[in-house]
Each structure stands twice: as structure tokens, then as C-alpha cells.
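Residue -10 is where the sequence shown starts when you use my numbering, and the numbers rise one by one after that. Every residue, glycine too, gets a C-beta built ideally from N, C-alpha and C. Okay, structure first, notes after.
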Amino acid sequence: ERQRLQFAKDQQAEVSGLLSKNQLDRFTQIALQHRGPMAFSEPNIVAQLGLNTDQRTEIRKRLSNYRDPFFPRPKNPPFDPSDGEKPIKKFPFPERDFRADDQILTDFLNLLSPEQRAKWKEMTGEPFQGEIPRTFLSPPRRR
């Protein structure tokens, strides 16, 4: 998670130099929309929304339940023991249904006060009309 956050900071700094203020503001809104429910795990988002202890606890609990069904880990790695324990294929991760993100985000927004929901709306702006590829690529490794 720290590596992802550092990568995001580096990327934000680079993008900031390429975009106008308005473009950067909109880019930030779209990036937050893309994060969906996972944005609620980011300390700066928690602070901007002014989440109280009960809200943070409930969101953390729901996030832990949210992750497992979508990213199940195989019980046993797919190794062929007769082949010297070499992997025979990559770990099978099922296709993720991103519609669930919308439901979980709605659940999170229902935990917020009207003022906090208004702040979230301000932070995310108008819904992005277009396709954002949802990938699970790791940030590039630094040498």
C-alpha cells in the first residue's frame, strides 16, 4: 500500500506539470471516482470528509469484507508436484464484477452526514462519462 501511495504521489507530481489547474482538478475528481469505495481507506480522504471514529470503524469493517470476495486467494497454489514444484499456471483470479463497487460506495455514502455527502460530491464532481480501464497492474519497480 505504501508503494502504491508513493507511486501515486510521483504520478500526481508529473501530471501536475502537464495539466492546467482546471484540468488537474477534474483529473483529481475522476481519479477519486475511479478509486470508488477504496478511496475511503485513504487518510487524506478520511480527513477531508471529517469522518468520525464510528464512521471510520464501520468503513474499515466493511472494507475488510469487501476485499475478500473480490480477490480470493487460492487455497493451494497450482503446482504440479511431479514437476519439481514448478508453477503450471498463474494464480487464477476470477473476473471481478465492478457493479458491486457502486453498491458498496452507496453503502459508504449512507454512513455519511448530509454535509459529508455534499463534500464527497464536491470532491468527485460530475460522473465521468467514458470508459476507464480497470487494471491491477503494479507500479513499476524502482532500480
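What does the alpha-carbon distance come out to for the pair residue i and residue j?
i	j	result
Ala28	Leu21	7 Å
Val4	Gln18	14 Å
Pro93	Tyr55	With the sequence shown as reference, residue 93 is identified as Ile, and Pro is not the correct amino acid for it. The alpha-carbon atoms of Ile93 and Tyr55 are separated by roughly 8 Å.
Gln118	Phe16	13 Å
Glu47	Glu115	27 Å
Ala(-3)	Ser9	19 Å
Asp57	Pro32	Model confidence at Asp57 stands at a pLDDT of 44, short of 50, so the residue's coordinates are unreliable; what they give is reported in the following sentence. Whole-angstrom Cα-Cα distance: 21 Å.
Asp14	Gln(-5)	20 Å
Ala107	Asn41	16 Å
Arg(-9)	Pro103	31 Å
Gln12	Asp43	35 Å
Keeping to the same chain, check which residues put their C-beta closer than 7 Å to that of residue i; ignore five residues upstream and five downstream.
i	result
Asp90	Gly25 and Pro26
Ser30	Leu52
Asp134	The requested residue 134 is not part of the displayed model; the chain covers only -10 to 132.
Arg45	Val35
So, under 8 Å CB-CB, residue i and residue j are touching, yes? Tell me the CB distance rounded to an integer number of Å.
i	j	result
Leu136	Trp109	Residue 136 falls outside the range modelled here, since the chain spans only -10 to 132, and no answer is possible.
Met112	Gln37	7 Å
Gln105	Gly39	7 Å
Take residue i and list the residues in its own chain whose beta-carbon comes closer than 6 Å to its own, dropping the five residues that flank it on each side.
i	result
Ile134	Past the boundaries of the shown model lies residue 134; the chain is included only from -10 to 132, so the question cannot be answered.
Ile121	His23
Might you give, ordered along the chain, the residues of its own chain that have their beta carbon closer than 8 Å to the beta carbon of residue i, omitting 5 neighbours on each side?
i	result
Arg49	Ser30
Ala2	none
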